[in-house]
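First comes the structure, then the notes that go with it.
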Ligand SMILES: Cc1cc2nc3c(=O)[nH]c(=O)nc-3n(C[C@H](O)[C@H](O)[C@H](O)COP(=O)(O)OP(=O)(O)OC[C@H]3O[C@@H](n4cnc5c(N)ncnc54)[C@H](O)[C@@H]3O)c2cc1C
Ligand SMILES: Cc1cc2nc3c(=O)[nH]c(=O)nc-3n(C[C@H](O)[C@H](O)[C@H](O)COP(=O)(O)OP(=O)(O)OC[C@H]3O[C@@H](n4cnc5c(N)ncnc54)[C@H](O)[C@@H]3O)c2cc1C
Ligand SMILES: Cc1cc2nc3c(=O)[nH]c(=O)nc-3n(C[C@H](O)[C@H](O)[C@H](O)COP(=O)(O)O)c2cc1C
Ligand SMILES: Cc1cc2nc3c(=O)[nH]c(=O)nc-3n(C[C@H](O)[C@H](O)[C@H](O)COP(=O)(O)O)c2cc1C
Ligand code: FES
Ligand code: FES
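Chains as they are written, first to last, in this note's numbering: chain A, 83 to 397; chain B, 83 to 397; chain C, 1323 to 1581; chain D, 1323 to 1581.
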């Protein structure tokens, strides 16, 4: 018997636990030359803002050990052009679409969600909270529990379908933020966005990114995000979407064992745009070989004595 | 002319900016078969506690992408045996000794520092604050600004020589902690300890470390710690000691350009126990080739427009 | 809609060191070989390895029957790794990507200015010009003569070296200006270091129809990441080098990356 | 004080596949070759690369004149990489490390029990026994016959396979017990999977003088990291496998890593 791969995030059902990570798959159609984008659990769009954004000055990307730094600066065509130009293409490709949204003011998140609520084919929104809060002097929304709660509450009022809150990992205790999202009615949390990082060219003594600091993604961060997925899945009842450093199907399985319901893949797409195909195959075979009938059985199956987990027993 | 490599941390002068990282060089003597431990800026001991500690159950180490996880659990012979057995060996080897200390109660840090204050050859103490605070329900000391301030204040009273505060990176804004350490009279801060991480064996579905989570070190964390060294060096006047992912002399130079005064090397010693020798050579040649007369000239020489650095402008 | 591109597991046929530190690697890559045009590129990655992590962009240097060649200077992780592959070893190519140079025709004279690894474009442009009956001249600059690659069967290559050890003593843009001598009827194609492109844009692009192949850092090469912006000279918006380029009309873009 | 050890850049002489998935790589490593004793190990790393990041531990399989051999099963990053090195390629060896087996003498009979990559110890123990005039018997277990390595010139090797395809049908500890048949005058040396060591400790170590070479994860191999604890059977404190072992008297340790 073939193992059951489908999973649910709120009311939306994904045919398998794989999702693209925002900002690493364009608007989805760019991948359609490499594999059938209808076969993946969900396509998550680049972060959409109310107005188009041209993004940061270059250089915007740099490679580091087992990872990359980026400071794209939310370059995107804006939510309206997305709805007009890109959504119809995604519908035609039978993709399950999740729109990732970003803004500098809480009200703007609500306005974005409201615009998208009118489009049935947008099955869920994912809130990117790793943006500077202009009112609060540029602190990331995602590092302020109150700001997060306000945004989720406002979006919940205008968007009835699945709301996923994408958390930033750059905080002392990410589970506080996950609990706040759950309390305001979020259907799932994504753990996590990129980690603040930096690299310097020692010969020019210039930063490798124009913005000096950027977000670290790729295998380098996987153990960090793994610990956070485990922590959050023990702290909330809503599903956890893992995002960080997946490069092979084994990594997807590892996140599900740690407690994830679905798993986003990002940076790997740059080297292997057809990665989802072999990942779905690998997961399926692993489940069969390990006598699991479904993803649900594997989820959180870590064999662990929680008493062995000191708050922070290292060194 | 040979460039000047010496640097100062408080009153203590290191002949070059390289230090071993606590817990990665035993008590120093273990390295003496591989290079002259008197040639390195400083030897930082394994974290010493008041009583000997046997440490955590195995497995304690696991390899991940460009890094390793550890949960040693502060296994050490205790401060008294260190003073009796190890310190005389280090003195004989002409090593500049910095004692790293750790405890579960603030008073114990002071007691440790007082014991070490009696030993002239202990030129500085480095406070490892990545330990569970037993009074506050096991939260790491290093994630609580008040706890950090109390400890530094108490140690400052009993220890007149250089005090270095080793910060944990697992916080929202590390510069808050650096400023607190500076305010209480610390002579330098080390940025930073390891990052909380985790890995799972997908076939046994067991965590790769007995304690489930552990500390991530190695090149994977270098861009993260680089960003924190840069941030902290812009926030305090006292010297910053960088610690995280140095594998080659270029990495040492990168940290110094970012603002570090000295640089610790840890995980690299496991593969290359003689790494300091070629690093000192590499740094020296780089300075000469780039027409810098000293480490001080290179320090913080990053060519950067601070206006390009948004608080968190990523994605 | 994007040009059709392929994710092809290719195998090495041979690698030759063609000048000091410069290599040409020929691989079997039938789908890409049959579809590539001059100025397009491929993203190269290594199966079963995440070091280097990101794919590397290389202009297609030549394509003939089933095979594709790359020309590169072994400077870092990716290029050193390719240079050490043995015949039969696999790589993954994603391509052809981007928009190449405009089509050539017999009506015009084409002046191709290259420097460094930009020389990769000489064989494929020469082959294309010959098939179209277009007349083509190459202006090829390097620091010193030992870095210049000699291409069998390619004529009309004018060399320039900074140290004067071969050909014109000076930079290749000066050489071009000397040769065209105010004649603005031809078309200039260029590929090479950014300072060279900036000089061409400023000193030649204003009067002669000029196309520049730009190099920016690229993470994906296919429009997924928005990592490769090139400033639009008009509205100040950004093009993407990978999808809208890497070849741009010199009047369309403005360089902002410190060269 | 630690045994003298060397950080030696070694070069590959040759690699042979000696059984399915099992390789022997011989390298030139004069300092280590001259100083190693049976049961000691080396930490192997790769210059100019951080993947794998940590060095890997390997028992020295044989040492003769200037050369050292390793025997390993190609299961992961490190072993696959070593198996692909070509003659002349470099590695870095740190060793000899740890305490080896106790010295052998002509007075006693030595029973060496090995499984899997523990077979690495057969050549070096055989060579040592011969030089000391000690009598030695090997008991060598595997799942199936094709995994058994045949060692030229080594006699007295008794095979055991789980599937009965070669030698004794059953596990190697049963085989040993059958052969010594209650005679507790000899000495047992063992190296192999932890379940095998646990069985030996329980079923043989209580009556016969037994030494076990244990395998724990190791990050440094030289006492720097405290990563390789082995429980002291007495006070419950930990030994370090790398400095105090990897060979321990079976009565001195207790196994706590789930086997
Ligand atoms: C559209 C496009 C086409 C390209 N075509 C070619 C081509 O045909 N041939 C070719 O060789 N390259 C070409 N490049 C550049 C190529 O993608 C790589 O960046 C370059 O080959 C170095 O890769 P690496 O992995 O060896 O070096 P990396 O490991 O990425 O870099 C190592 C070090 O070398 C420096 N470095 C990187 N690139 C260069 C360079 N070009 N010159 C000097 N130092 C450098 C870096 O700053 C770094 O410090 C092209 C790039 C683009 C965007
Ligand atoms: C003192 C000591 C001596 C040793 N001597 C030898 C020796 O002589 N020969 C030898 O081959 N090994 C020996 N080992 C083990 C060796 O250090 C490596 O762990 C092993 O070779 C695998 O390394 P790798 O890099 O190939 O695999 P890794 O990349 O580290 O692991 C890849 C995968 O294989 C699994 N794995 C790791 N080790 C094994 C194993 N032994 N069997 C099955 N699966 C495994 C891991 O769980 C992982 O999933 C010794 C270890 C110690 C501590
Ligand atoms: C180039 C790039 C652009 C990104 N853009 C966005 C974005 O617009 N919105 C967002 O929520 N996350 C963005 N991310 C974060 C990814 O969605 C993902 O969470 C992160 O990269 C970690 O996963 P990975 O290691 O699989 O890439 C971006 C990441 C990269 C590498
Ligand atoms: C095995 C191991 C043990 C460590 N033990 C300690 C310790 O006892 N006290 C401490 O302050 N830091 C300890 N650390 C952290 C290191 O000192 C260092 O800050 C960290 O590893 C980052 O540097 P690296 O990437 O160069 O290893 C340990 C790290 C490792 C890998
Ligand atoms: S390189 Fe990714 S969009 Fe151009
Ligand atoms: S492996 Fe590091 S102390 Fe034993």
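Yeah, the Cβ is synthetic: ideal placement off N, Cα and C, and Gly gets one too.
Does the CB of residue 1581 of chain C have a neighbour CB from chain A at under 7 Å? To locate residue 1581 of chain C, count along the third chain from 1; it is residue 259. Any reading at residue 1581 of chain C must be qualified, since the residue scores a pLDDT of 38, below 50, and its modelled position is unreliable; no value is offered.
Three-state secondary structure (DSSP) at residue 134 of chain A? Position 52 of the first chain, counted from the first residue, corresponds to residue 134 of chain A. Correct three-state label for residue 134 of chain A: coil.
Cβ-based burial, residue 251 of chain B [other Cβ within 10 Å; buried from 16]: Along the second chain, read from residue 1 onward, the residue named residue 251 of chain B stands at position 169. Its Cβ being crowded by 16 or more others within 10 Å, residue 251 of chain B is buried.
Count the other CB atoms within 10 Å of the CB of residue 1433 of chain C; is the residue buried (16 or more) or exposed (fewer)? For the purposes of this step, residue 1433 of chain C is taken as the residue at position 111 of the third chain. Flag for residue 1433 of chain C reads buried.
By alpha-carbon positions, which one of C/1409, C/1479 and C/1414 ends up nearest to residue 1327 of chain C? Residue 1327 of chain C sits at position 5 when you count from the first residue of the third chain. When only C-alpha atoms are compared, the closest one is C/1414.
Look up residue 372 of chain A in the DSSP assignment and say whether it is helix, strand or coil. Indexing the first chain from 1 puts residue 372 of chain A at position 290. Here residue 372 of chain A sits in coil by DSSP.
On the three-state DSSP scale, how would you describe residue 1541 of chain D? The residue given as residue 1541 of chain D occupies position 219 in the fourth chain. Three-state result, residue 1541 of chain D: coil.
Range of the contiguous beta strand (DSSP E) that encloses residue 1389 of chain C: On the third chain, position 67 is the one that residue 1389 of chain C refers to. Residue 1389 of chain C -> beta strand (DSSP E) spans 1389 to 1395.
Taking C-alpha atoms, which residue in A/276, A/227 and A/280 lies nearest to residue 263 of chain A? Walking along the first chain from the start, residue 263 of chain A turns up at place 181. Residue A/227 is the option with its Cα nearest to residue 263 of chain A.
Per DSSP, residue 193 of chain B forms a beta bridge with which residues? Here residue 193 of chain B refers to the residue found at position 111 when the second chain is read from its first residue. DSSP lists no partner for residue 193 of chain B.
At a Cβ threshold of 7 Å, is residue 116 of chain A touching chain B? If you number the first chain from 1, residue 116 of chain A lands on position 34. Not one chain B Cβ lies under 7 Å of residue 116 of chain A.
Span of the alpha helix (DSSP H) around residue 312 of chain A: As a working note, residue 312 of chain A is residue 230 in the first chain. Residues 304 to 317.
Pull up the distance between the alpha-carbon of residue 127 of chain A and that of residue 144 of chain A, whole angstroms please. Walking along the first chain from the start, residue 127 of chain A turns up at place 45. Walking along the first chain from the start, residue 144 of chain A turns up at place 62. Each residue's Cα considered, the two are about 22 Å apart.
Cutoff 7 Å: residue 157 of chain B Cβ touching any chain D Cβ: Residue numbering aside, residue 157 of chain B sits at position 75 when the second chain is read from its first letter. So, interface residue.
My output table needs one value for residue 1357 of chain D: the three-state DSSP class, helix, strand or coil. Against the fourth chain, residue 1357 of chain D aligns to sequence position 35. Three-state DSSP puts residue 1357 of chain D in a helix.
Using 10 angstroms around the beta-carbon of residue 286 of chain A, count the other beta-carbons present and answer buried if the total reaches 16, otherwise exposed. Indexing the first chain from 1 puts residue 286 of chain A at position 204. With fewer than 16 Cβ atoms within 10 Å of its Cβ, residue 286 of chain A is classed as exposed.
Verify the contact flag: residue 1653 of chain C, CB atom, against every heavy atom of ligand 5, threshold strictly below 6 Å. Here chain C comprises residues numbered 1323 to 1581, so residue 1653 of chain C is not present and cannot be evaluated.
Where in the stretch 1493 to 1575 of chain D do unbroken runs of the alpha helix (DSSP H), each at least 4 residues long, occur, reported from the N-terminal end onward? 1494 to 1502 and 1516 to 1525
Host alpha helix (DSSP H) of residue 1400 of chain D (start-end): Within the fourth chain, numbered from 1, the residue matching residue 1400 of chain D stands at position 78. Looking at the DSSP string, the run of the alpha helix (DSSP H) that includes residue 1400 of chain D is 1399 to 1405.
Any idea what DSSP makes of residue 223 of chain B, helix, strand or coil? Translated into the one-based positions of the second chain, residue 223 of chain B becomes position 141. DSSP places residue 223 of chain B in helix when its eight states are reduced to three.
At a CB-CB cut-off below 9 Å, which residues of chain B make contact with residue 306 of chain A? Here residue 306 of chain A is taken as the residue at index 224 of the first chain, counted from 1. By Cβ distance, chain B contributes 277, 278, 279, 280, 298, 302, 303 and 306.
Quick one: list the residues of chain B neighbouring residue 1559 of chain D, beta-carbon separation under 8 Å, in chain order. What you label residue 1559 of chain D is simply residue 237 of the fourth chain in a count that begins at 1. Result: 136.
For residue 1341 of chain D, which of helix, strand or coil comes out of DSSP? In the fourth chain, residue 1341 of chain D corresponds to position 19, counting from 1. Strand at residue 1341 of chain D.
In chain C, what lies closer than 9 Å to residue 326 of chain A by C-beta? Locating residue 326 of chain A in the first chain gives position 244, where the first residue counts as 1. Neighbours of residue 326 of chain A on chain C: none; closest Cβ ~14 Å, over 9 Å.
Using Cβ-Cβ distances below 8 Å, what residues of the stretch 335 to 364 of chain A are close to chain C? 349, 351, 352, 353, 354, 355 and 356
Bridge partner(s) assigned by DSSP for residue 1350 of chain C: To locate residue 1350 of chain C, count along the third chain from 1; it is residue 28. Bridge partners of residue 1350 of chain C: C/1333 and C/1389.
Short CB-CB distance (under 7 Å) between residue 164 of chain A and chain C: In the first chain, the residue the question calls residue 164 of chain A occupies position 82. Closer than 7 Å: no.
Does the Cβ of residue 377 of chain A have 16 or more other Cβ atoms within 10 Å, making it buried, or fewer, making it exposed? Looking up residue 377 of chain A in the first chain gives position 295. That one is buried.
Pair within 7 Å by beta-carbon distance, residue 110 of chain A and residue 125 of chain A: Here residue 110 of chain A corresponds to residue number 28 of the first chain, with the count starting at 1. Here residue 125 of chain A corresponds to residue number 43 of the first chain, with the count starting at 1. In this structure, residue 125 of chain A lies closer than 7 Å to residue 110 of chain A by Cβ.
With distance defined between alpha-carbon atoms, name the residue in B/336, B/349, B/340 and B/342 nearest to residue 364 of chain B. To locate residue 364 of chain B, count along the second chain from 1; it is residue 282. Comparing Cα-Cα distances from residue 364 of chain B to each of B/336, B/349, B/340 and B/342, the minimum goes to B/336.
Buried or exposed: residue 1386 of chain D, going by 16 or more other Cβ atoms within 10 Å of its Cβ? By 1-based counting over the fourth chain, the position of residue 1386 of chain D is 64. The residue in question, residue 1386 of chain D, is exposed, as its Cβ has fewer than 16 Cβ neighbours within 10 Å.
Residue from B/88, B/182, B/321 and B/383 with nearest C-alpha to residue 283 of chain A: Numbered from its first residue, the first chain carries residue 283 of chain A at position 201. Ranking B/88, B/182, B/321 and B/383 by Cα distance to residue 283 of chain A puts B/383 first.
Simplified DSSP state of residue 205 of chain A, which is helix, strand or coil: Position 123 of the first chain, counting from 1, holds the residue named residue 205 of chain A. Strand at residue 205 of chain A.
How many whole angstroms separate the CB atoms of residue 120 of chain A and residue 175 of chain A, which I take to be in contact at a CB cut-off of 8 Å? Within the first chain, numbered from 1, the residue matching residue 120 of chain A stands at position 38. Within the first chain, numbered from 1, the residue matching residue 175 of chain A stands at position 93. That pair is a contact at about 6 Å.
Sorry if obvious, but does the Cβ on residue 302 of chain A come closer than 6 Å to a heavy atom of ligand 8? Ligands in the displayed structure: ligand 1, ligand 2, ligand 3, ligand 4, ligand 5 and ligand 6; ligand 8 is not one of them.
Please classify residue 1450 of chain C: is it buried, with 16 or more other beta-carbons within 10 angstroms of its beta-carbon, or exposed? To locate residue 1450 of chain C, count along the third chain from 1; it is residue 128. It counts as buried.
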